[in-house]
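Going by this note's numbering, the letters in the first sequence line up with residues 3 to 553, in that order. Even for Gly, the Cβ is constructed at its ideal location relative to N, Cα and C. Since we're looking at a predicted model, the values are computed, not measured.
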Amino acid sequence: MSDLDSEGQEKRLGALAPDRLAALEAEAAEAGSDGDERSLPDLPDVAESEDGENGEKDEEVRMRLAPNPNGPWHLGNARMPAVIGTYKTRYDGWMLCRFDDTDPETKRPDLEAYDAIRDAITYLGFEPDEVIRASDRLPTYYEYARELIDRGGAYTCSCSAAEFSELKNAGEPCPHREKAVSDSRTEFDAMIEGETDPGERVLRVRTDITHPNPALRDWVAFRVIDTPHPREAASEFRCWPLLDFQSGIDDHLTSISHIIRGIDLQDSAKRQRFLYDYFDWEYPEVIHWGRIRIDAYDVPMSTSRIKGLIEAGDLDGWDDPRAPTLASLRRRGIEGEAITEAMVGLGTSTNDADLSMSAIYAANRERIDDEADRAFLVRDGVEKTVIGSPTTGEPPVHPNHDERGVREIPVGGAVCIESEDVPSNGERVWLKGLGCVRHTRNAFEFIGTDIDVVREEGVPVIHWVPADESRPVLLRTPEGDVHGRAEPGIERYEPSEKVQFERVGFARIDAQERGRNGASNGDTDDGTGDAGEEHEGDRGTDRTIAYYAHS
RNA sequence: GCUCCGGUGGUGUAGUCCGGCCAAUCAUAUCACCCUCUCACGGUGAUGACCGGGGUUCGAAUCCCCGCCGGAGCACCA
3 MSDLDSEGQE KRLGALAPDR LAALEAEAAE AGSDGDERSL PDLPDVAESE
53 DGENGEKDEE VRMRLAPNPN GPWHLGNARM PAVIGTYKTR YDGWMLCRFD
103 DTDPETKRPD LEAYDAIRDA ITYLGFEPDE VIRASDRLPT YYEYARELID
153 RGGAYTCSCS AAEFSELKNA GEPCPHREKA VSDSRTEFDA MIEGETDPGE
203 RVLRVRTDIT HPNPALRDWV AFRVIDTPHP REAASEFRCW PLLDFQSGID
253 DHLTSISHII RGIDLQDSAK RQRFLYDYFD WEYPEVIHWG RIRIDAYDVP
303 MSTSRIKGLI EAGDLDGWDD PRAPTLASLR RRGIEGEAIT EAMVGLGTST
353 NDADLSMSAI YAANRERIDD EADRAFLVRD GVEKTVIGSP TTGEPPVHPN
403 HDERGVREIP VGGAVCIESE DVPSNGERVW LKGLGCVRHT RNAFEFIGTD
453 IDVVREEGVP VIHWVPADES RPVLLRTPEG DVHGRAEPGI ERYEPSEKVQ
503 FERVGFARID AQERGRNGAS NGDTDDGTGD AGEEHEGDRG TDRTIAYYAH
553 S
């Protein structure tokens, strides 16, 4: 195969497996158009060799996502997979997902978060080549710690945190710094064996106690924690490495070539370089990005704060439409690729960035507008009798796709329209898909279907639903729940399908309730006041639950 | 207090390493118009920025200095 030119290969493939060829073409088209858009700068120090025959294997771009599984992801967390995943695609690189779960106490892992995070990565459009958990690797860390002690690079220290801090700030070594290697070995083993109480002793990396940057002086590599790790497999360990040690060792052992992470870890690289020097390893290339803030959310983007709000009942869960989480955006019908695109657009600059939701919405609109069927949803409805109209309205399923046909909406003698759309007495309005009516004596008198009144006389076009046969809808939005009524037919959409409620916005169908009686089952409503009237009566409490995406 | 990093239109980004082609790129946003039986999509146009002050230079967004502003770290968190 290798001696065929690419055209020849294509022909051959086309003959043998036409669908495979189509897939290849689609792939190529995507990569060519907007797969990457080179909005990210090239990575530093990447070998140019197009992995030709003599290309070295170790020139592969290898990166890692290093999430702390202390909760499901919020929007800010999407930046890591978005950027790293995009680079993986560009360089045909390798991507590891490594759960840095080495703190069973302060940032205690959430057992559900491991899977939630992997789902989130998939949602954003990427798949790791390998997944590992730091909590599975304690013996490895111990092994390297012992080696480090033997090389004179670490010592056990029984100063209290406060005592050490004082000495460190003064640039003075603590009394334990020069103890014998064998003593450190013995004491470290005691930490591992569980013979040391928390706070009694730590293992420090010997750096430079007079280093101008106090953040780098003799940092802690291991400490003792009595709280068992939530993962069964790791619950017996008591001596845990801190991030700088664990991550530093793992990055080397997994041959990471490029580290991309937040600016909060700027000093981490400098600390870890001491480690790498002791082992005579080469430190990977590092890129840092700054903090991002996202407008439009009251809730702070912090895993622990969101968790608190959920526990307090202020949010319904991680996918509450008001939460700034990936699960929430997903439920609202925002595609992961739209988030990725917006995140990649932020680039990797180290200064702070404000990400506006409109960037995500614009990217999403671009993706779903064409596929989303149109439908009418009337909020805050006002009922009007219609006199003399056809029996059904027939607006198109999609304005740009005649081939998708029309929706047949029965009028039934009366319609509901939004109160804001009610024309003054004597004025006209065009009920989309039905025709023009004049508001007279509290009713709509049908005038006709000559579209020129819209084109030439500026009669406003509005949406409407039949008063009787419309279906109740609960629209959940980031600003709160909204009640309304949608045209019949909305109940035929499956959960997860996306529609555009004309003049309202895009939404994702979440559930089709076949409620029986029990008129007040819908206690999901903590409505924000602008609830429409609950037209009871008709047929039980069937209704559609939809989540609002954006306009 | 100590140590780092950064400041380009409302927002994000390109350009800064190797000063002139930058009266500054692209996207989004906003407004207008066109299209349209949606305030969607699409099209056209407009709006709008080099933190401040010195210096080097024929010439600075780009180099140097000072200032101001913002962020990060100095945890037995990640």
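Alpha carbon of residue i to alpha carbon of residue j, nearest angstrom
i	j	result
glutamate 471	isoleucine 296	41 Å
glutamate 234	methionine 345	35 Å
isoleucine 211	aspartate 316	47 Å
aspartate 544	arginine 92	48 Å
serine 270	alanine 223	12 Å
arginine 487	arginine 381	7 Å
proline 43	glycine 349	8 Å
alanine 469	threonine 387	9 Å
glutamine 274	glutamate 189	23 Å
glycine 264	isoleucine 86	12 Å
glycine 395	methionine 303	45 Å
arginine 369	aspartate 454	33 Å
Continuous beta strand (DSSP E) stretch holding residue i: start and end
i	result
threonine 342	Counting along the chain, threonine 342 falls outside any beta strand (DSSP E), though it belongs to the alpha helix (DSSP H) covering 338 to 347.
tyrosine 157	156 to 159
isoleucine 194	Where isoleucine 194 is concerned, there is no enclosing beta strand (DSSP E), although the alpha helix (DSSP H) it sits in stretches over 183 to 194.
threonine 442	437 to 442
glycine 507	507 to 515
lysine 500	500 to 503
glutamate 132	132 to 135
leucine 379	379 to 381
phenylalanine 224	222 to 226
Close Cβ partners of residue i (< 6 Å) along its chain, the five nearest in sequence each way excluded
i	result
alanine 314	none
isoleucine 362	Ala340, Ile341 and Ala344
valine 204	Cys159, Val222 and Arg225
alanine 365	Ala340, Glu343 and Ala344
tryptophan 432	Cys438, Val456, Val461 and Val463
asparagine 427	His441
glutamine 502	Ala374, Arg376 and Phe508
glutamate 132	Leu98
glycine 338	Tyr125, Leu126 and Gly127
glutamate 129	none
Closer than 7 Å: residue i CB and nearest the ligand PLP heavy atom
i	result
methionine 97	The ligand PLP is not part of the structure shown, which contains no ligands of any sort.
Those residues which DSSP pairs with residue i across a bridge
i	result
arginine 369	BP columns for arginine 369 are empty, so no partner.
leucine 331	None; leucine 331 has no bridge partner.
valine 475	Gly486 and Thr546
threonine 212	Looking at the DSSP assignment, threonine 212 forms no beta bridge with any residue, so it has no partner.
tryptophan 291	Gly264
threonine 387	Ala416 and Ala445
phenylalanine 101	Arg135
proline 2	Residue 2 falls outside the range modelled here, since the chain spans only 3 to 553, and no answer is possible.
Own chain residues within Cβ distance below 8 Å of residue i, not counting five before or after
i	result
threonine 104	Ala136, Ser137, Trp242, Pro243, Leu244, Leu245 and Gln248
proline 398	Arg376, Asp404, Arg406, Gly407, Val408, Arg409 and Gly435
aspartate 1	Any property of residue 1 remains undetermined from this structure, which presents the chain solely from 3 to 553.
asparagine 307	The amino acid occupying residue 307 in the given sequence is arginine; asparagine does not appear at that position. These residues qualify, in order along the chain: Val301.
Nearest to residue i (by Cα), restricted to the options the options
i	options	result
histidine 178	Asp356, Arg206, His552 and His465	Arg206
proline 71	Thr142, Glu62, Thr88 and Glu114	Glu114
glycine 482	Phe448, Ser270, Pro412 and Arg334	Arg334
glutamate 284	Ile261, Glu515 and Ile453	Ile261
glutamate 489	Val467, Arg510, Pro480 and Phe503	Val467
arginine 478	Ala509, Val455, Asp454 and Ser498	Ala509
glycine 73	Val417, Gly310 and Ala355	Gly310
histidine 485	Arg443, Val431, Glu496 and Ile547	Ile547
asparagine 353	Glu373, Ile389, His290 and Gly319	His290
methionine 65	Gly127, Lys109 and Arg100	Arg100
glycine 127	Arg81, Asn215, Gly390 and Ile227	Arg81
tyrosine 157	Asp220, Ala172 and Pro130	Asp220
arginine 332	Lys170, Glu238, Glu499 and Ser167	Glu499
Residue range of the unbroken alpha helix (DSSP H) whose run includes residue i
i	result
phenylalanine 276	268 to 281
lysine 170	163 to 172
arginine 120	113 to 125
methionine 82	81 to 93
isoleucine 251	245 to 255
glycine 319	Element bounds for glycine 319: n/a, residue is neither H nor E.
aspartate 152	140 to 152
arginine 1	Absent from the model: residue 1. The displayed extent of the chain is 3 to 553, so no value can be given.
leucine 311	305 to 313
Same chain, Cβ closer than 7 Å to residue i, neighbours up to 5 away in sequence not counted
i	result
tyrosine 554	Residue numbering for the chain in the displayed model covers 3 to 553; residue 554 lies beyond these limits and cannot be assessed.
valine 183	Ile151, Asp152 and Gly154
threonine 305	Asn72, Gly73 and His76
proline 286	Asp253, Ile258, Ser259, His260 and Ile261
glutamate 149	none
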